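Asks:
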Amino acid sequence: MSWMPFKIGQPKKQIVSKTVERDFEREYNKLQKLEDQTKKLHKDMKKSTEADIAMSKAAVKISGDLLSNPLCEQDQAFLESMTALDTAMKRMDSFNQEKLNQISKTVIDPLKKYSSVFPSLNMAVKRREQALQDYKRLQSKAREELRPVREDFEAKNKQLLDEMPKFYHSRIDYFQPSFEALIRAQVVYFTEMHNIFSELTDQIDQAGLTDEQRERENEAKLSELRALSIVADD
Amino acid sequence: MESPLTAESAPPTPAPRNHTPSPSPRAEAQEVRMEEKEGTVEEGETADTEEDSIYLSLSEVSVFVEEPAEDASEKAVAEEAAAEERAEREAQRQLLATEELVYTERNYLRLLQVCTCTIRSNLQKHQPQLTNLDSMFLYIEEVIDVSGRLLSLLDQKQLTPHDPLFLETLCEAFLSLSTDIESAYKEYLANYNNVTALENSYKQKEALWTEIVKVIKSSAPEVNAASLSFFLVMPVQRIARYPLLFQTVMKHTEPGHPAYSLLEQTAHTAIALNCRINEYKRFREVADKYKKTETLTIRDKMNRLNSHSIAKKTARLSQFIKHETGIAPKLVDEEFDALEGFFYLLENGITVLHENVETYLDHLQRFLSYRPEEFDLDMDSEKPVICYKEITTALRQWILPTFEKRMRTLVHKPLCALKELLAGPRNLISKRLDKLLDYELIEEKPSLSYDEQAVANTYKTINTLLLNELPQFNGLALTLLWGMLGAFSCLHKDLAADMEQLFQGFTQQLPPGSLEPNAFWEWAECSVLEGARRLESLCWNVKDQLNDSIVQPLSPGSQNRLKVLTDKHGSGKIYQLTGHVVGTRDLDLSLNRGELVAIISEMDTRGDKRRWLVDAGGPRGYVPSSKLVRYHQVTMDPPPSPHLTVTTMDCAGGVRRYSYHPDVRRLSYTPDTPQPQLVRAMSVPCFQVFAGYDFRARSSHEVSLRAGEPIRVLEPHDKKGSCDWSLVEVRGQRGYVPSNYLAVMPTSTTPTATYR
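Order-wise, the sequence lines are chains A and B. The first sequence runs 1 to 234 under my numbering. The second sequence runs 1001 to 1756 under my numbering.
#1: Helix, strand or coil, according to DSSP, for B/LEU1167 in the structure here?
#2: Please tell me whether A/THR201 has its Cβ less than 7 Å away from any Cβ of chain B.
#3: Quick check on A/VAL231 - is its C-beta less than 7 Å from some C-beta in chain B?
#4: I want to verify the contact list: residues of chain C whose CB lies under 9 Å from the CB of B/MET1379, in sequence order.
#5: Please confirm whether A/THR210 has its beta-carbon closer than 7 Å to some beta-carbon of chain B.
#6: Can you grab the Cα-Cα spacing for the pair B/VAL1761 / A/LEU146, in whole Å?
#7: Between the Cα of B/ILE1239 and the Cα atoms of B/THR1210, B/ALA1270 and B/LYS1157, which residue gives the shortest distance?
#8: Strictly below 9 Å CB to CB, what residues from chain A border B/ARG1366?
#9: Rounded to the nearest angstrom, what separates B/ASP1362 and B/LEU1485 at their Cα positions?
#10: Which whole-angstrom value is the C-beta distance of B/HIS1252 and B/ARG1093, which I expect to be below 8 Å?
#11: Hey, how far is the Cα of B/TYR1592 from the Cα of B/VAL1102?
#12: Where A/LYS116 and B/ALA1532 are concerned, what is the direct C-alpha to C-alpha distance, given to the nearest angstrom?
#13: First and last residue of the beta strand (DSSP E) that includes B/GLY1621?
#14: Considering only the beta carbon of each residue, do B/LEU1628 and B/LEU1596 sit closer than 7 Å?
#15: Assuming B/ASP1498 is part of the alpha helix (DSSP H), what are its boundary residues?
#16: Does the CB of A/ALA193 have a neighbour CB from chain B at under 7 Å?
#17: Measure from the C-beta of A/ALA58 to each C-beta in chain B and report whether the shortest distance is under 7 Å.
#18: Are the beta-carbon atoms of A/MET82 and A/VAL60 separated by less than 7 Å?
#19: Taking three-plus beta-carbon pairs below 8 Å as touching, is the region 1401-1410 of chain B in contact with the region 1435-1442 of chain B?
#20: For the candidate residues B/ALA1190, B/SER1121, B/GLN1265 and B/ILE1216, whose alpha-carbon lies nearest to that of B/GLY1170?
#21: Is the separation between the beta-carbon of B/LEU1368 and that of B/ARG1396 shorter than 7 Å?
#22: Sort B/ASP1155, B/ASP1718 and B/ILE1399 by Cα distance to B/LEU1495 and report the nearest one.
#23: Could you check which residue in B/GLU1347, B/ALA1394 and B/LYS1460 has the C-alpha nearest to that of A/LEU66?
#24: My understanding is that B/ILE1429 touches B/PHE1343, with C-beta atoms under 8 Å, so please give their C-beta distance in whole angstroms.
#25: Would B/LYS1301 pass as a contact of A/SER198 if the rule is Cβ separation under 7 Å?
#26: In terms of alpha-carbon separation, which member of A/SER48, A/MET164, A/LYS40 and A/GLU224 lies closest to B/GLN1365?
#27: Spell out whether any CB of chain A is found under 7 Å from the CB atom of B/GLU1500.
#28: To the nearest angstrom, how far is the alpha carbon of B/ILE1298 from that of A/PHE78?
#29: Alpha carbon to alpha carbon, what distance is there between A/GLU151 and A/LEU138?
#30: Go ahead and label B/ALA1190 buried or exposed: buried means 16 or more other beta carbons lie within 10 angstroms of its beta carbon, across all protein chains shown.
#31: Interface residues of chain A around B/TYR1280 at Cβ under 7 Å?
#32: For B/LEU1714, count the other beta carbons within 10 Å of its own beta carbon; 16 or more makes it buried, fewer makes it exposed. Which is it?
#33: Going by DSSP, name the residue or residues bridged to B/PRO1738.
#34: If the criterion is Cβ atoms closer than 7 Å, does the pair B/PRO1184 and B/VAL1146 meet it?
#35: With 7 Å as the threshold, decide whether the Cβ of B/VAL1352 is near any Cβ in chain A.
#36: State buried or exposed for A/ARG216, treating a residue as buried only when at least 16 other CB atoms are found within 10 Å of its CB.
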């Protein structure tokens, strides 16, 4: 707008050009979204971890309660099966615990730390806003008086315009190990699960059954049971 | 100013080694966006400085006043603009995601063709003949065919991704081919284990393997492949990738978009395809691996449970029952006691198991309800993030749900049914006991009445019935249980197998993934610590440099309070509120922004460091420490008397600029910057000069000041020209006061002669 010598007639003055303001807004918005996502990710990961632990413990309880029931001792083969099941569940639980510990160290903690930067950042943006307000408020003063105010604002503005994109970009390097760790932890866990349960299934399960066949067998047995006179007819 | 964006102009994803050699549209587009952004920033800067200089030269001519009404409408316009920008960005992202889908499909097809044609024919020429080579390529033709058909359906319409109809065409093509996709991929995946097994057998012979690798590399030099499975694993990955690809497009599509419901349907279909393909794979595995001998062993064991033999193991159990129930029936039927005992244990076991299984399923559902993979921190072009998302999406959208479904069908449902069946025998057993007690009373009698006969018969019938059928019941129930638990184990195995299949491609692509476990975790933990360190230093920068105390002159009231608090607590304890606080708990204070307080304690009585005890110049209470910042005071020592010293100051004659704030740490204000030319102050002031602080005159040349009183400046310098001192008139007296003790405040009303 260099051809316009005067800006009289424009009741609202532009202390800060619209483009600069818009750039600032855009960068800040990106960071606000990042803050939001970081918090949500942290929360979801924690909750998902809790559910994961609970599931694993519930599985251990399934086998544990069965094994402690004297029922098992009635048949040697059954007892062996239940013991194998219980051992498998306990091992899985400990692998699960290990997996979640690793995730806690390499994912959840870093997430939390990252979130903790945002309050300072938000504060700094507020200060810039205050500086801007002060600057606007004292427009009527002579240039000499205005200078420290303007410089203060400009310094803050520049600092933030510098830092914000840098910080935003830094998330990539910061979180890369976390994502790698998440993948690796799961790979290890499911590999173990496959080994343990392949062995167990060979030991306690009837091989060569499809789901349909299993369902049919279950239904057959239940029918046999229902056919007994001692079982109530519903 | 060094543009912070130059660091980003390189594509964020390093061209993945084992994947596409050229950057995908996504990476390219990001580059373009970065460049565009850079352009805008520079533009904005130059415009700003221009406007700035124009403005300053006009400041003397008129007074500018802000109009709040204009503000509001401008804000609305700005918001609209922002919303438009967002919509534009989303549209662009949708486009990128769509292009990515198509582009990767083409690339995938191309690589498969390279493998099947070039590499295969080259390998066939190998002497000696490679065993079973053809079986490696058994089902790949169908996969290639269906992929080709998908792409040709798209190309036929001759639309580009920019075309609004493109998305619909894509979805329709996929949906129309879904049956064929399923049949092609299910055979391929069911057979894939054979492929890896065969490749491993090749790898056993080192020399042979080296030659094979040479052929591969020479046939496809632009691809960084080191094995056949590099190519052959692609269909395994591709089919699992469709759901996420379609979902990503959906994520950036408005629900109002014409193709939205079609997109949704396609995403669901993609998931369903994966479920069914995996199911088929399991079916085939089971059919192939059917080993009669193993089955019979376990079957045999289970079948043995049906016999009367359980009931025969009596002694311990009957003792147990007698002990537990406290019943000492006169008629001790050991056989019955054993059966009954067994039944109760069974009942207990089933009930507890049922409860535990339901708890387990509850937690599983809870686990499925969280979707952390959706928060990708806008890093969805990074390889590890993509992998993580694919893995987690697969786990949560079809692998675990399938597991859950099978759990319910094969374990929970039969368990519920079994539990219900317990009621019958249970009731009958307790009925028998009642009848037994009745029977015991009359049993000794030599002759029984008609009624008594009836009682005796009832008891005997029930007893016999139970004796006959309880063994069957017990045995069947136990067999059922055993079967369920076997299924439980098998389901876990299948779950793990599905996940392993998913992982097959990834470990190659992620370098750290190939590290040994210990090395990997060491690397991960170190990186995390390093990241934390860098973060801390960034935090410190932000805190240190930007969190200035609020730049504002003190009101007279504040000045008083400052004095009171400083006297009482010392200047080191003075803090300022950076924002309004409203007390919510007992002993919390409500204060305004800018108020000064003195710190009494940096924690509350419970040791919480976020609540500080402060003195607000009278009231005492707690405020949040996050709202407090150190207040730096001006040193109260005035400069030496005006007549004694001459200092070289910065003013170039003319009006002295009035001290705006006692202590401001200026960042950009370096001593080297040349001072601007001063302009004469207006003769019609819209501001008023006040005494900022108390000042006690120490000589006849000086005049005392009381903080807050209005003064009139006669000369903004002393006789020697030093700007340290100003000649003022206050309360009718004239004299010198330190210039930096003066404060200027704008007045909103037209100034009146407030001073005499």
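Cβ coordinates follow ideal geometry from the N, Cα and C atoms, glycine included. Note that the coordinates shown come from a computational prediction; the quantities given were computed from them, not determined experimentally.
Replies: The structure says:
#1: Position 167 of the second sequence, counted from the start, is the residue given in the question as residue 1167 of chain B. Here B/LEU1167 carries a helix assignment [DSSP, helix/strand/coil].
#2: Along the first sequence, read from residue 1 onward, the residue named residue 201 of chain A stands at position 201. True, the Cβ-Cβ gap to chain B drops below 7 Å.
#3: Along the first sequence, one-based indexing puts residue 231 of chain A at 231. At a cut-off of 7 Å between beta carbons, A/VAL231 contacts chain B.
#4: Protein chains in the displayed structure are A and B, and chain C is not among them.
#5: Counting from 1 along the first sequence, the entry for residue 210 of chain A is found at position 210. Chain B contact via Cβ: present.
#6: Chain B is shown from 1001 up to 1756; residue 1761 of chain B falls before or after that span and cannot be answered.
#7: Here residue 1239 of chain B corresponds to residue number 239 of the second sequence, with the count starting at 1. Residue B/ALA1270 holds the alpha-carbon nearest to the alpha-carbon of B/ILE1239 among B/THR1210, B/ALA1270 and B/LYS1157.
#8: Stepping through the second sequence from its first residue, residue 1366 of chain B is reached at position 366. Chain A residues near B/ARG1366: LYS47, SER48, GLU50, ALA51, ALA54 and MET55.
#9: For this step, residue 1362 of chain B is matched to residue 362 along the second sequence. For this step, residue 1485 of chain B is matched to residue 485 along the second sequence. B/ASP1362 and B/LEU1485 have their C-alpha atoms spaced approximately 18 Å apart.
#10: Taking the first residue of the second sequence as 1, we reach residue 1252 of chain B at position 252. Taking the first residue of the second sequence as 1, we reach residue 1093 of chain B at position 93. Their Cβ separation, rounded to whole angstroms, is 4 Å, which keeps B/HIS1252 and B/ARG1093 in contact under 8 Å.
#11: Position 592 of the second sequence, counted from the start, is the residue given in the question as residue 1592 of chain B. Position 102 of the second sequence, counted from the start, is the residue given in the question as residue 1102 of chain B. Reading the sequence as shown, one finds Asn at residue 1592 of chain B and not Tyr. Rounded to whole angstroms, B/ASN1592 to B/VAL1102 spans 59 Å at the Cα level.
#12: Taking the first sequence and counting its residues from 1, one reaches residue 116 of chain A at position 116. Taking the second sequence and counting its residues from 1, one reaches residue 1532 of chain B at position 532. The question names Lys, but residue 116 of chain A is Ser in the sequence shown. So the alpha carbons of these two residues sit roughly 11 Å apart.
#13: Along the second sequence, one-based indexing puts residue 1621 of chain B at 621. Segment 1620-1624, the beta strand (DSSP E) holding B/GLY1621.
#14: In the second sequence, residue 1628 of chain B corresponds to position 628, counting from 1. In the second sequence, residue 1596 of chain B corresponds to position 596, counting from 1. Not a contact, by the Cβ cut-off of 7 Å.
#15: Counting from 1 along the second sequence, the entry for residue 1498 of chain B is found at position 498. Start and end: 1450-1503.
#16: For the purposes of this step, residue 193 of chain A is taken as the residue at position 193 of the first sequence. A small correction: the amino acid at residue 193 of chain A is Met; Ala does not occupy that position in the sequence shown. Judged by the 7 Å Cβ criterion, A/MET193 is in contact with chain B.
#17: Position 58 of the first sequence, counted from the start, is the residue given in the question as residue 58 of chain A. Closer than 7 Å: yes.
#18: Indexing the first sequence from 1 puts residue 82 of chain A at position 82. Indexing the first sequence from 1 puts residue 60 of chain A at position 60. At a Cβ-Cβ threshold of 7 Å, A/MET82 and A/VAL60 do not count as neighbours.
#19: No, they do not touch.
#20: Numbered from 1 along the second sequence, position 170 holds the residue referred to as residue 1170 of chain B. This sequence places Leu at residue 1170 of chain B; Gly is not what is there. The alpha carbon of B/LEU1170 has as its nearest neighbour, out of B/ALA1190, B/SER1121, B/GLN1265 and B/ILE1216, the alpha carbon of B/GLN1265.
#21: As a first step, residue 1368 of chain B is located in the second sequence; it is residue number 368 there, counting from the start. As a first step, residue 1396 of chain B is located in the second sequence; it is residue number 396 there, counting from the start. Yes, they are a contact pair.
#22: Walking along the second sequence from the start, residue 1495 of chain B turns up at place 495. When each option's Cα is compared against that of B/LEU1495, the closest is B/ILE1399.
#23: On the first sequence, position 66 is the one that residue 66 of chain A refers to. Among B/GLU1347, B/ALA1394 and B/LYS1460, the Cα nearest to that of A/LEU66 is on B/GLU1347.
#24: Locating residue 1429 of chain B in the second sequence gives position 429, where the first residue counts as 1. Locating residue 1343 of chain B in the second sequence gives position 343, where the first residue counts as 1. About 7 Å; that satisfies the 8 Å criterion.
#25: By 1-based counting over the second sequence, the position of residue 1301 of chain B is 301. By 1-based counting over the first sequence, the position of residue 198 of chain A is 198. No, they are not a contact pair.
#26: Against the second sequence, residue 1365 of chain B aligns to sequence position 365. Answer by Cα proximity: A/SER48.
#27: If you number the second sequence from 1, residue 1500 of chain B lands on position 500. It does; some Cβ of chain A falls within 7 Å.
#28: Numbered from its first residue, the second sequence carries residue 1298 of chain B at position 298. Numbered from its first residue, the first sequence carries residue 78 of chain A at position 78. Those two C-alpha atoms are separated by around 10 Å.
#29: For this step, residue 138 of chain A is matched to residue 138 along the first sequence. For this step, residue 151 of chain A is matched to residue 151 along the first sequence. One C-alpha to the other measures close to 13 Å.
#30: Within the second sequence, residue 1190 of chain B is the residue found at index 190, counting from 1. Classification of B/ALA1190: buried, given that the 10 Å Cβ count is 16 or more.
#31: Indexing the second sequence from 1 puts residue 1280 of chain B at position 280. Here the premise fails: no neighbours, minimum Cβ distance about 10 Å.
#32: Residue mapping note: residue 1714 of chain B aligns to position 714 of the second sequence, counting from 1. B/LEU1714 comes out exposed.
#33: Here residue 1738 of chain B refers to the residue found at position 738 of the second sequence. B/TRP1725.
#34: Along the second sequence, one-based indexing puts residue 1184 of chain B at 184. Along the second sequence, one-based indexing puts residue 1146 of chain B at 146. One detail in the question is off: residue 1184 of chain B reads as Ala in this sequence, not Pro. Taking 7 Å as the cut-off, the beta carbon of B/ALA1184 is found closer than this to the beta carbon of B/VAL1146.
#35: Translated into the one-based positions of the second sequence, residue 1352 of chain B becomes position 352. So, interface residue.
#36: Residue mapping note: residue 216 of chain A aligns to position 216 of the first sequence, counting from 1. Classification of A/ARG216: exposed, given that the 10 Å Cβ count is below 16.
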